[in-house]
Each structure stands twice: as C-alpha cells, then as structure tokens.
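Written out below as structure tokens is the structure these notes cover.
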Amino acid sequence: MSSSGTVSNVEGKADPFLEAVQIRRSIYALTNQSTISDERIVKLIEHSILHTPTSFNAQSNVAIVLFGEHHLKLWDIVKDVLVSKLGTEKYSKTEAKINGFRGAYGTVLWFIENRQVEAQKQKFPTYAEEFDSWAIQSIGMAQSNAWVSLEREGLGVNLQHYGNLIGERVRKEFNVPEDWILISQQPFGTPAAGWVAPEKQFKPIEERLRVLK
Ligand SMILES: Cc1cc2nc3c(=O)[nH]c(=O)nc-3n(C[C@H](O)[C@H](O)[C@H](O)COP(=O)(O)O)c2cc1C
Numbered sequence: 000m001s002s003s004g005t006v007s008n009v010e011g012k013a014d015p016f017l018e019a020v021q022i023r024r025s026i027y028a029l030t031n032q033s034t035i036s037d038e039r040i041v042k043l044i045e046h047s048i049l050h051t052p053t054s055f056n057a058q059s060n061v062a063i064v065l066f067g068e069h070h071l072k073l074w075d076i077v078k079d080v081l082v083s084k085l086g087t088e089k090y091s092k093t094e095a096k097i098n099g100f101r102g103a104y105g106t107v108l109w110f111i112e113n114r115q116v117e118a119q120k121q122k123f124p125t126y127a128e129e130f131d132s133w134a135i136q137s138i139g140m141a142q143s144n145a146w147v148s149l150e151r152e153g154l155g156v157n158l159q160h161y162g163n164l165i166g167e168r169v170r171k172e173f174n175v176p177e178d179w180i181l182i183s184q185q186p187f188g189t190p191a192a193g194w195v196a197p198e199k200q201f202k203p204i205e206e207r208l209r210v211l212k
C-alpha cells in the first residue's frame, strides 16, 4: 500500500474537480461554527439533489438539512436510542463520538423517496429487481457530491449510519413522510483548529484498474 493517492501528470480542465474530490476526507473533529452561510449550505445540498443522476431520472434522492436545535435534537435521539439499546455502561464507550457529532454545526439527513423507486418497478418490470440497488447507488453519489462541495468551502464533514436504530424517532420528530427511507446522517461544521486527517493508505492502482486498448 502506498500513501500517495495523487493522480500524476494531470493537466486538464477536470483538475479543480479532481483536487476537490481528492481533498475530501472524513473529518470527525467538528465545531459548532460554519465557514459559510446557512443559505449557502442549503444551496450546496440543493445542487446535489438536483444534479446527481438517478436511474431513469426517478429523482428519488431527498434530504433534510438540520440546523440549531433540530441538529441537537437528532443527536439527542441517537443518544437516547443507543443508551436504551446498549445500557449506560456500553454507551459510555461511544459517548465521545456521539457528542462529537452533536457538537457540529448541522447535519444533513439523506433519504430515498421510496414511492419513486416503486413507481419505477411498475413502469419498467424488466429491471424491477435492480431499482432498490440503483436508488442506493444514486444516493451514494449525492452524498459524495454534497460532501465534496461542503468541504471545498471549508467545512468538515463525515458520514454516519444510525438509520435502522433512529428511523422511526426521526420520522416523528421531523415529520418525515412515510415512504422516505433514512439512509445516512452527514454532520458538518468548521474543522477544529489543528485537525489533520490521518494519512490514508492506497493499494497499488494496478490491482484495482485494468486498461485494455
Ligand atoms: C458507503 C459508506 C459508508 C460509510 N459509513 C460510515 C459510518 O457509518 N461511520 C463512519 O464514521 N464513517 C463511514 N464512512 C466513511 C469511511 O469510513 C471513510 O470514507 C473511509 O475510511 C475513507 O476515509 P476518508 O473519508 O477520510 O477518505 C462511510 C463511507 C462510505 C463510502
């Protein structure tokens, strides 16, 4: 494994995009400050929802952006559920991590609007068994686009998955439609001063990419 994920000899119009993709990291040391306005944050999420492709243009990617007390409430729900599931003692091992997410500036909740997925199954029965997977693939792309753009503007972001534990509580608290399936939680905030991403290891690219010509 190497620690260099650098794409060498790149000189083209895609370079700013490549750089933005490459500098995106999971940032866990988040503060309750933001480098950009709430309106700008919402704009970036809106852009990801609008311009990330979905299979047959189903437009199944939906999100709720939580700021302020709503963001805090989300992480209080996670704490509540984990404490009741694990007990106080086991929870204490994960408490600092949850407090870290709660200490961020906000959180994006990502959902799949299942009505759109079911409609595609009806409309294109030949591919019916693929649509659940395609919806997941697409929301992964949307999360990535949002992640890259938020970090490009100076925010730190990470990606969490407590949906199976908190889905119903979240539905009630934030009045989420019945057919929205909670996929992930993406906390964001200005990175804590001095935070440095741990070095990442890369397997040799030759093991992961074949080129035939
Ligand atoms: C589909 C997917 C699911 C992930 N789920 C979690 C998660 O639940 N909790 C977490 O802390 N990180 C999660 N991550 C972050 C990865 O652990 C992280 O992206 C990976 O280790 C590479 O590090 P980097 O993001 O700094 O490049 C997830 C990433 C992906 C792509």
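Note that numbering that gives the first Met the number 0 gives residue 44 to position 45 of the sequence shown, counting from 1, and the numbers run on in steps of one.
C-beta: ideal position from N, C-alpha, C; glycine also.
Exercise for review: Taking residue 141 as the reference, give the member of 22, 183, 18, 152 with the closest Cα.
Suggested key: Here residue 141 refers to the residue found at position 142 of the sequence shown. Of the listed residues, the one whose Cα sits closest to residue 141 is 183.
Exercise for review: Using 7 Å as the cut-off, classify the Cβ of residue 24 as near or not near the heavy atoms of ligand 1, replying yes or no.
Suggested key: One-based indexing of the sequence shown puts residue 24 at position 25. Checking the Cβ of residue 24 against ligand 1 gives yes.
Check your understanding: Buried or exposed: which applies to residue 150, given that a residue is buried once 16 or more other Cβ atoms fall within 10 Å of its Cβ?
Key -> Translated into positions along the sequence shown, residue 150 becomes position 151. The residue in question, residue 150, is buried, as its Cβ has 16 or more Cβ neighbours within 10 Å.
Exercise for review: Verify whether the separation of the beta carbon atoms of residue 25 and residue 208 is less than 8 Å.
Suggested key: Stepping through the sequence shown from its first residue, residue 25 is reached at position 26. Stepping through the sequence shown from its first residue, residue 208 is reached at position 209. Not in contact: residue 25 and residue 208 (Cβ atoms no closer than 8 Å).
Check your understanding: Is the distance from the Cβ of residue 172 to the Cβ of residue 72 below 8 Å?
Key -> Counting from 1 along the sequence shown, the entry for residue 172 is found at position 173. Counting from 1 along the sequence shown, the entry for residue 72 is found at position 73. Result yes, Cβ atoms of residue 172 and residue 72 sit closer than 8 Å.
Check your understanding: Taking Cβ to Cβ, would you say residue 54 is nearer than 8 Å to residue 133?
Key -> As a position in the sequence shown, residue 54 is number 55, starting the count at 1. As a position in the sequence shown, residue 133 is number 134, starting the count at 1. Yes, the Cβ-Cβ distance between residue 54 and residue 133 is below 8 Å.
**Study point:** residue 195 classed as buried or exposed, judged by whether at least 16 other C-beta atoms fall within 10 angstroms
**Key:** Looking up residue 195 in the sequence shown gives position 196. Classification of residue 195: exposed, given that the 10 Å Cβ count is below 16.
Check your understanding: How about residue 163: is its Cβ closer than 7 Å to a heavy atom in ligand 1?
Key -> Counting from one through the sequence shown, the residue named residue 163 turns up at place 164. No - ligand 1 has no heavy atom lying nearer than 7 Å to the Cβ of residue 163.
Point to revise | For residue 130: DSSP bridge partner residues | key: For the purposes of this step, residue 130 is taken as residue 131 along the sequence shown, with counting starting at 1. DSSP, once it has assigned bridges, lists no residue as partnering residue 130.
Point to revise | Contact check, residue 76 vs residue 169, beta carbons under 8 Å | key: Locating residue 76 in the sequence shown gives position 77, counting from the first residue. Locating residue 169 in the sequence shown gives position 170, counting from the first residue. Yes. Within cutoff.
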